[in-house]
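S.K.: Okay, here's the structure, questions in a sec.
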Amino acid sequence: MSDLNSISVTGRVGNDPELRGSGEQVRLGLRIAVSDRVKKGGEWTKETTWLSVTLWGKRAESLSRLVRKGSRIGVGGKLHIREYEHNGEKRKDVEIVRADVALLDPPPDSRTKPRPNSGGDFGKGAYDDFPADDFGDDQVPF
């Protein structure tokens, strides 16, 4: 049985996209901040981990037009840790490669329009105008 190398996170883009190359060799590099609340010494604090995300080809080009600094995205892919040296100092970069990206913010043209069931306010949204008393308990359509 082989091991599985897979990671899935949601976070905020920390920089505007960097698109490099051309054709099938187009590469998009992003940095995302993944935050979590952790308890240290009896106090809850926010801890942020920075991850690099790399995409290639047409997906990279498309995403570069849709994502900006601060965008919320979901990323799944293969975890890769790259070691390098900078100014004589050894460093590590945690990177997600072969990434699939899901945009979690509403499209730019709909930011001013309310979205049904956007996840922020449960109980309000697309079904607000649905009359709750139309069905008896024995008549629920599902």
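Residue 8 is where the sequence shown starts when you use this note's numbering, and the numbers rise one by one after that.
All residues carry an ideal CB built from backbone N, CA and C; glycine is no exception.
Treat the numbers as computed from the prediction; the structure is a model and nothing was measured.
According to DSSP, is GLY30 helix, strand or coil?
M.R.: The answer is helix: DSSP assigns GLY30 an H, G or I state.
S.K.: Quickly, what does DSSP pair VAL41 with across the bridge? List them, please.
M.R.: DSSP output for VAL41 lists THR56 as bridge partner(s).
S.K.: Looking only at its chain, what residues have a beta carbon closer than 8 Å to the beta carbon of GLU102, apart from the 5 residues adjacent to it on each side?
M.R.: The residues are LEU58, SER59, VAL60, THR61, LEU86, HIS87, ILE88, ARG89.
S.K.: DSSP three-state label for SER71, please.
M.R.: DSSP places SER71 in helix when its eight states are reduced to three.
S.K.: Return yes when the Cβ of LEU37 is within less than 8 Å of the Cβ of LEU73, no when it is not.
M.R.: Their beta carbons are not under 8 Å apart, which means LEU73 does not touch LEU37 by this criterion.
S.K.: Looking at SER42 and THR55, is the spacing between their C-beta atoms short of 8 Å?
M.R.: Contact flag set, yes.
S.K.: In three-state terms, what does DSSP make of LYS99?
M.R.: Three-state result, LYS99: strand.
S.K.: Are the CB atoms of ASP112 and ARG66 nearer to each other than 8 Å?
M.R.: Against a cut-off of 8 Å, the Cβ pair of ARG66 and ASP112 comes out as no contact.
S.K.: Buried or exposed: which applies to LEU35, given that a residue is buried once 16 or more other Cβ atoms fall within 10 Å of its Cβ?
M.R.: LEU35 should be labelled buried.
S.K.: For ARG75, which residues from the same chain have a beta carbon less than 8 Å from its beta carbon, with the 5 sequence-adjacent residues on both sides left out?
M.R.: Taken in chain order, the residues that qualify are VAL20, ASP23, PRO24.
S.K.: Note down, in chain order, each residue of its chain lying with its Cβ closer than 8 Å to the Cβ of THR17, except the 5 sequence neighbours on either side.
M.R.: The residues are VAL41, ARG79, ILE80, GLY81, VAL82, LEU111.
S.K.: Using the C-alpha atoms, what's the distance from SER15 back to GLY64?
M.R.: So the two alpha carbons sit approximately 21 Å from each other.
S.K.: Nearest to GLU68 by CA position, among VAL108, ASP10, SER9, is which residue?
M.R.: With distances taken between Cα atoms, GLU68 lies closest to VAL108.
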